[in-house]
Every structure is written in structure tokens, then in C-alpha cells.
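Residue 933 is where the sequence shown starts when you use our numbering, and the numbers rise one by one after that. Even glycine gets a Cβ: it sits at the ideal position worked out from N, Cα and C. Quick caveat: nothing in here was measured; it's all calculated off a predicted structure.
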Amino acid sequence: MGRKIFVSYKYADSLVEALPSVFFVQTTARHYVDELQELLEEDDHIYKGENDDESLEGFKDTTIQSKLRTKIFDSSTTIVFVSKGMKETFTAETDQWIPWEVAYSMKVLKRGEKTSGTNAVLAVVLPDENGSYEYYIEQNEACGSRTLKTNFLFQILKDNMFNVKNPQTRECNGNTIYSGYSSYIHTVKWSDFKDNVTKYIDIVKGIQEDLENYDLCKTVK
933 MGRKIFVSYK YADSLVEALP SVFFVQTTAR HYVDELQELL EEDDHIYKGE NDDESLEGFK
993 DTTIQSKLRT KIFDSSTTIV FVSKGMKETF TAETDQWIPW EVAYSMKVLK RGEKTSGTNA
1053 VLAVVLPDEN GSYEYYIEQN EACGSRTLKT NFLFQILKDN MFNVKNPQTR ECNGNTIYSG
1113 YSSYIHTVKW SDFKDNVTKY IDIVKGIQED LENYDLCKTV K
């Protein structure tokens, strides 16, 4: 049986590395969704998030709920494409699609007599226009670790990272290093993800099975 995956992304974000498969137009985060589709199994199904022409301005929560419940209800995994221009700096998070899409991925949704549980969630970091991930991921070779610049993210993504209830940590050069799966929303670079999609989806499915051990945030702030 195929996987049902909801993909959340900033449609028009062009601060991403150009893809060889894209001709005559500037590569955007939307083109990476097409690449993902090619990487998935034939019977997998993608539900796409934000479109390019629909604003949240003036929407009521009930309208947002109706739109997102329909898209997200049948999915069991959400992939969030983290990209350099994913946030509109001068627009409230409540007026941007990605936070709401993550929130409804985290909620237990009901439709009639059917209930859809909290999705597994994977953050896939796209390379920026220079092919770099350093806007979000910084490698710490001395400690054999990486630093995620979570302040860059929407609040709901940040709140669901490093949120395991009983973290395993160590100290290195004055920094606290987390071990194991410390975040409900696991993070992976696109370059690693595209080489083994199933591996990383399986990781977040395993985390999902252990969700009671994480402090989950399901609301947009």
C-alpha cells in the first residue's frame, strides 16, 4: 500500500539551488516537490500544500480548518521543505500557510466517524541559491555534531524540535549536544534525503510511534 504524504512548502521561494531539470524559468521550492514526486514509489501519493495565488488575509480559522482538513486528513506523513525564503518577514505567522499546515498535521483530525492521528513530520532542508545549507544547518566538526538555527523557523516548527521529554545530552566546548532523536520533527538535508527517501520517512514514522515521549505543540502562535 502506497504512502500518503502531505508536503508543506513556500511555493514561490526562489532562494533555492537551481535544479538541472528546470529549464527557462527560475527554480523555486515548488520544483523540488516535482523532484520529490519522482523519488517516491509509484503507488505513493502526494498532497500539496500552499498554492501561488491564495492569500490567508481575512480568512477565518474555520475556513482554514476546512481547507487543510481536506488536504491533510488522509496523509500519515508530512514533509516540510525548509527553504531560505520560506518566511515572509513582515507578515504575521498566522497569515502564512506553512504554520497552519504544520499545526493541522500535528492535530488529531475527525471526519464523520473516521479519525486521523498526528502525522509523522520530517523537515527537509533545501540548499540555498549558492548550494549551501549554512543558513540553517552549521556543522561542528570538533564535537561531531550539527547546530540547527531554529530561530530562523516558524514558531510551531521550532517548538516541535528538541522537545523530547527526557533528552540524552553531553557537553562539548561549552555547548549542549543532544543525542538520539531529540526532536519530534526530524531534520535532514535535501542532499541526504534524495539519496534514501525511505530511510528518512521510516525514521519519522518510528518517532511518531513514540510521540507520547515528546512535548508536542499543535497551535499557531
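Query raised in the report: Under the DSSP definition of a beta bridge, which residues are partnered with His1155?
Result: Outside the shown range of the chain, which is 933 to 1153, sits residue 1155, and nothing can be said about it.
Requested in this report: Taking only the alpha-carbon atoms, compute the straight-line gap between Gly1044 and Lys1003 and give it to the nearest angstrom.
Outcome: Whole-angstrom Cα-Cα distance: 15 angstroms.
Query raised in the report: Between the segment 1007-1025 and the segment 1048-1064, do at least 3 Cβ pairs fall closer than 8 angstroms?
Result: With the cut-off at 8 angstroms, the segment 1007-1025 and the segment 1048-1064 touch.
Query raised in the report: Do Lys1153 and Gln1087 have their C-beta atoms closer together than 7 angstroms?
Result: Result yes, Cβ atoms of Lys1153 and Gln1087 sit closer than 7 angstroms.
Query raised in the report: By how many angstroms is the C-alpha of Leu947 removed from the C-alpha of Ala1055?
Result: Distance between the alpha carbons of Ala1055 and Leu947: 17 angstroms.
Query raised in the report: CA-CA distance, Ser1077 and Val1136?
Result: Rounded to whole angstroms, Ser1077 to Val1136 spans 20 angstroms at the Cα level.
Query - Straight-line gap, Ser940 to Ser1037 (C-alpha atoms, nearest Å) - result: Looking at the two C-alpha atoms, the distance is approximately 10 angstroms.
Query raised in the report: Does the segment 1144-1151 come close enough to the segment 1085-1103 to have 3 or more Cβ pairs within less than 8 angstroms?
Result: Yes: at least three Cβ pairs fall under 8 angstroms.
Query raised in the report: If we ignore side chains and look at the alpha-carbon of each, how far apart do Glu974 and Gly934 end up?
Result: Taken atom to atom, the span from the alpha-carbon of Glu974 to that of Gly934 is near 8 angstroms.
Query raised in the report: Taking the continuous beta strand (DSSP E) assigned at Arg1102, which residues delimit it?
Result: Counting along the chain, the unbroken beta strand (DSSP E) around Arg1102 starts and ends at Gln1100 to Cys1104.
Report task. Report back the beta-carbon spacing between Tyr943 and Ala961 to the nearest angstrom; my notes put them in contact at under 8 angstroms. Result -> Under the criterion of beta carbons closer than 8 angstroms, Tyr943 and Ala961 qualify as touching, at roughly 7 angstroms.
Query raised in the report: If you draw a straight line from the C-alpha of Asn1062 to the C-alpha of Glu1103, how long is it?
Result: Spanning the alpha carbons of Asn1062 and Glu1103 requires a straight line of approximately 32 angstroms.
Report task. Quick one: grab the DSSP three-state call for Thr1151. Result -> Looking at Thr1151 - three-state DSSP - the assignment turns out to be coil, as it is neither helix nor strand.
Query raised in the report: In angstroms, rounded to a whole number, what distance separates the CA positions of Gln1140 and Gln958?
Result: So the alpha carbons of these two residues sit roughly 36 angstroms apart.
Query raised in the report: Would Gly1138 be called buried (16 or more neighbouring beta carbons within 10 Å of its own) or exposed?
Result: Its Cβ having fewer than 16 others within 10 Å, Gly1138 is exposed.
Query raised in the report: Based on the DSSP output, what are the partners of Tyr1110 in its beta bridges?
Result: DSSP output for Tyr1110 lists Thr1101 as bridge partner(s).
Query raised in the report: What do you reckon, are the CB atoms on Phe1013 and Leu1058 nearer than 7 angstroms?
Result: Yes; because the gap between Cβ atoms is below 7 angstroms, this pair is in contact.
Requested in this report: Excluding the 5 residues preceding and the 5 following Lys1156 in the sequence, name in chain order all residues of the same chain whose CB lies nearer than 6 angstroms to its CB.
Outcome: Past the edges of the chain, shown from 933 to 1153, lies residue 1156, and the structure says nothing about it.
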